[in-house]
Amino acid sequence: MTSSGDDAAERLARVEARLDEIAGRLGALEGDRRSAPRRPVVGLHDDGLHDDGLGDDAGVVTYSGSGQFGPHAVKLRQRQDLATVFAADPETVAHVFGALASPVRIQLVRALLDGQKTSQELRGVLDDASAGQLYHHLRELLAAGLVVQPARSVYAIPFSKVVATCVAVVAALDLAATNHQARPPAPGD
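With my numbering, letter number 181 in the sequence shown gets 600, and the count goes up by one each step, no holes.
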């Protein structure tokens with residue numbers, strides 16, 4: 420006879436495995452095959468991170484977030500080993516940052532984080548910008564994969580990318596606030 424704790428642990432392990440499988444399939448459907456595979460962290464353990472077999476000395480970058488984005492609650496924790504970060508295709512990374520490198524596009528992204536919007540609603544966000552201006556900026560966001568068009572004249576940020584998009588904005592704020600005069604630590608410090 421097994422204890423209810425053992426049953427719960429087994430169920431949790433099955434759920435985590437299934438979610439990993441679903442996340443992988445979803446990533447294959449949405450993702451650019453040129454980009455490195457990502458490891459979504461589904462289960463939380465004592466240290467708050469999923470043990471994915473990376474040693475402490477391998478180095479990792481982790482981000483997470485949760486919130487109400489439009490009518491949907493989204494929660495994500497992402498972890499990448501540093502080798503994957505350093506091996507990222509510079510063209511892909513620059514393309515995404517380039518798409519976000521416009522105050523108008525940041526306004527559009529912020530509006531879309533609240534849920535899908537029609538082109539007419541987005542024009543209102545931009546104080547009735549011309550249709551040509553709006554579509555120019557939307558094309559850049561679409562080409563970078565940051566925005567999708569689920570229906571004619573309707574735009575959205577995929578749920579799988581809302582937290583990462585918020586993290587990109589937070590990282591930009593952190594980078595802008597960093598003291599540019601600070602010296603890196605000396606080797607061995």
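No residue lacks a Cβ here, since even glycine has one placed at the ideal position from N, Cα and C.
Computed from a predicted model, the values in this text were never measured in an experiment.
Inter-segment contact for the segment 497-508 and the segment 475-486 is present: three or more beta-carbon pairs are separated by less than 8 Å. Counting only the Cα atoms, Q552 lies some 12 Å from D546.
The beta carbons of L592 and A518 sit no closer together than 7 Å. Between V567 and F488, the C-beta gap is not smaller than 7 Å, which leaves the two residues out of contact. Its chain contains G484, G486 and L532 as the residues whose beta carbon lies nearer than 8 Å to that of C585, once the 5 sequence neighbours on both sides are disregarded; these appear in chain order.
Apart from the 5 residues on each side of it in sequence, A587 sits with its Cβ closer than 7 Å to the Cβ of L519 in its chain, given in chain order. DSSP places S579 inside the alpha helix (DSSP H), whose first and last residues are F578 to A596.
Taking every protein chain shown into account, the CB of E559 has 16 or more other CB atoms within 10 angstroms, so this residue is buried.
Assignment of beta strand (DSSP E) within the segment 479-558, counting only whole runs of 3 or more residues, yields 479-488 and 491-500 in chain order. Within its own chain, the residues whose Cβ lies closer than 6 Å to the Cβ of S572, once the five positions on either side in sequence are excluded, are T537 and S538, listed in chain order.
CA-CA distance, H556 to V523, rounds to 7 Å. From the listed residues L431, V493, A427 and H514, the smallest Cα separation to A563 is found for H514.
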